[in-house]
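Student: Pasting in a structure now, in structure tokens, and then I'll have a few things to ask.
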Amino acid sequence: MRRKFTPDEILYLRGLWAVSNVTPTRIIYSDEFREYFLREHGKGRGPTEIFRNAGLPVPIIGRKRIERCTARWVRPDRVDGSMVPAPPEEDGLSTDERLLAATRDLLDGLFELLSRTERIIHLLEEEQRPDRPDHCRHQ
2 MRRKFTPDEI LYLRGLWAVS NVTPTRIIYS DEFREYFLRE HGKGRGPTEI
52 FRNAGLPVPI IGRKRIERCT ARWVRPDRVD GSMVPAPPEE DGLSTDERLL
102 AATRDLLDGL FELLSRTERI IHLLEEEQRP DRPDHCRHQ
């Protein structure tokens, strides 16, 4: 099972130029970041350094995500040895399957946020109940 991003991490990631969207379990990177990654990787910079320089450190992103992105975005099959973008079909999923998976992740994240919001509302309602003893109310 993948590690889920905390709400604070999600807010942080959503504020980065390198990220188009983020759910509790997935990151969708911007086209600008992918181009930057390929350009910097072509100059010989390491994937971890490239991610870190874009505000995406290993402790938040995880090494496995960086490895998978690198494998997905580049391939050493050019005659001159340079890296080229990998075709989107390389992950074995159709566009519809990728869209469905992203939609499911987004819905999971929304459901989690709704559940948290409902718990907060419930706690606030409990705090405002008139039959509650005075010593329990916050002043």
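The opening residue of the sequence shown carries number 2 in the numbering used here; numbering runs sequentially from there.
Every residue gets a Cβ at the ideal spot worked out from N, C-alpha and C, and that includes glycine.
Enumerate in chain order the residues of its own chain whose CB-to-CB distance from L17 is below 8 angstroms, with the five nearest sequence positions on each side excluded.
Tutor: Counting from 1 along the sequence shown, the entry for residue 17 is found at position 16. Hits under 8 angstroms: A55, G56, L57.
Student: Using the rule of at least 16 other Cβ atoms within 10 Å of the residue's Cβ for burial, across every protein chain shown, is L114 buried or exposed?
Tutor: The residue you call residue 114 lines up with position 113 of the sequence shown. So L114 ends up on the exposed side.
Student: Suppose you measure from the CA of I51 to the CA of H42; what does that come to, to the nearest Å?
Tutor: For the purposes of this step, residue 51 is taken as the residue at position 50 of the sequence shown. For the purposes of this step, residue 42 is taken as the residue at position 41 of the sequence shown. For I51 and H42, the distance between alpha carbons rounds to 8 angstroms.
Student: Below 8 angstroms on the Cβ atoms is my contact criterion, and I expect R62 with P48 to pass it. Report the Cβ-Cβ distance as a whole number of Å.
Tutor: Counted from its first residue, the sequence shown places residue 62 at position 61. Counted from its first residue, the sequence shown places residue 48 at position 47. According to the sequence displayed, residue 62 carries Ile and not Arg. Their Cβ separation, rounded to whole angstroms, is 10 angstroms, which puts I62 and P48 out of contact at 8 angstroms.
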